[in-house]
Ligand code: UDP
């Protein structure tokens, strides 16, 4: 039986594909390559280029392969863009997921791991954030993910679907081979922008906000290595395939680092100067986001092993140094 990875050519999806292939799983990938990169997909995976909303393509995928479970990463994920173009987000993230679920049920596939986000919580009322914290998204991106979470809940009741919803905090780092990593256009995330500034691609790093209620005034985030994240997905998949009821878990490290701490660590790892241009706050940024991931550790025995910040940043640095133009030259 094969695992179907939707959005498997993207940053997080491609690392999942790498882990699955390494563990000997038959792996099928569907990606429309709008954001993803074909070169990021492990060669042993069976690849289909296309969109989840293309039901004929999805019929072909489910007919040509014996799929036991699906992992869905296919979505837009830029918070700012979701505010300016909510329709685009609903159409891709919600309609895409609905189409995928329809195809799954048509072909009698009932296990799905769904890529969700800390953005479903909005401004947290308490830190660390546990899975039963209120879900009050403050932007359409978080809202689309929460909408799909709710759809999964109702489909479970009526259609006997089993799901694992995984809410990611800040995903970072790159595969230990140095062959796959983060390549977004445009890039909006802190660590890749810091590293690209260290490489001289940008003259300075815009640092958004220094007047937050945190020890050094900059925002605090919880970083999780992309391979530890993939390992959590595999545990969730196995649990679902063993007949478990549906699951919802946070995925973070439980440690918060300020933006200034990230910059200092990146200076240390790269041995380069990273000029900063202090900017005002970026709209929609909560001051502190730190996960409690105790639930998945206790229930599934998840044991993230790449939690050290230097290790995370160094793995990303290896990728950026080797492929300064990302997948263009990979
Ligand atoms: N950030 C920054 N400069 C950048 C990109 C991000 O200062 O060029 C800050 C951002 O305002 C936030 C933190 O870095 O406080 C993490 O942002 P990122 O976009 O990486 O992840 P998010 O937490 O928004 O998912």
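Numbering (my numbering), first residue to last: 1 to 330. For glycine and all other residues, C-beta sits at the position ideal for the given N, C-alpha and C.
Kindly examine ligand 1 and report whether one of its heavy atoms sits closer than 7 Å to the Cβ of residue i.
i	result
residue 188	yes
residue 285	yes
residue 138	no
residue 221	yes
residue 215	no
residue 79	yes
residue 290	no
residue 207	yes
residue 259	yes
residue 170	yes
residue 193	yes
residue 282	yes
In terms of residue numbering, what span does the alpha helix (DSSP H) encompassing residue i cover?
i	result
residue 18	11-22
residue 89	86-89
residue 159	140-159
residue 320	309-322
residue 287	Where residue 287 is concerned, there is no enclosing alpha helix (DSSP H), given that its DSSP letter is neither H nor E.
residue 104	96-106
residue 198	190-198
Out of the options, point me to the one whose CA is closest to residue i's CA.
i	options	result
residue 255	152, 213 and 129	129
residue 103	299, 159, 75 and 82	159
residue 376	248, 252, 281 and 221	A question about residue 376 goes unanswered here, because the residues of the chain that appear run from 1 up to 330.
residue 314	61, 268 and 299	268
residue 240	93, 300 and 197	300
residue 157	42, 213, 48 and 245	245
residue 318	126, 217, 176 and 289	176
residue 212	53, 64, 59 and 281	281
residue 327	168, 8 and 38	38
residue 110	198, 250, 152 and 214	152
residue 164	35, 14 and 115	115
residue 195	323, 49, 57 and 60	323
residue 193	248, 277, 76 and 66	277
residue 24	9, 42, 8 and 34	42
Going along the chain, which residues of its own chain have a beta-carbon closer than 6 Å to the beta-carbon of residue i, five neighbours each way excluded?
i	result
residue 27	3, 17, 20, 21 and 45
residue 191	172 and 316
residue 11	182
residue 290	127, 128, 222 and 256
residue 99	52 and 53
residue 134	none
Can you list, in chain order, the residues of its chain with a C-beta nearer than 7 Å to that of residue i? Leave out the 5 residues immediately preceding and following it.
i	result
residue 123	138 and 286
residue 144	89, 90, 93 and 94
residue 233	16, 71, 113 and 166
residue 204	197, 275, 276 and 277
residue 40	9, 14, 180 and 327
Quick one: does the C-beta of residue i sit closer than 7 Å to a heavy atom of ligand 2?
i	result
residue 122	Within the structure as shown, ligand 2 is missing, the only ligands being ligand 1.
Quick check on the DSSP output: the beta strand (DSSP E) that includes residue i runs from which residue to which?
i	result
residue 116	111-117
residue 328	No beta strand (DSSP E) holds residue 328; DSSP gives it neither H nor E.
residue 164	162-168
residue 5	2-6
residue 263	Counting along the chain, residue 263 falls outside any beta strand (DSSP E), though it belongs to the alpha helix (DSSP H) covering 259-270.
residue 296	No beta strand (DSSP E) contains residue 296, which is instead part of the alpha helix (DSSP H) from 294-300.
residue 276	276-279
Excluding the 5 residues preceding and the 5 following residue i in the sequence, name in chain order all residues of the same chain whose CB lies nearer than 8 Å to its CB.
i	result
residue 265	257, 309, 310 and 313
- request: Only counting runs of 3 or more residues, tell me where the beta strand (DSSP E) segments fall wholly within the segment 32-81, in order along the chain.
  value: 46-49 and 67-72
- request: List in chain order: all unbroken alpha helix (DSSP H) runs of 4+ residues lying wholly within the segment 208-247.
  value: 226-241
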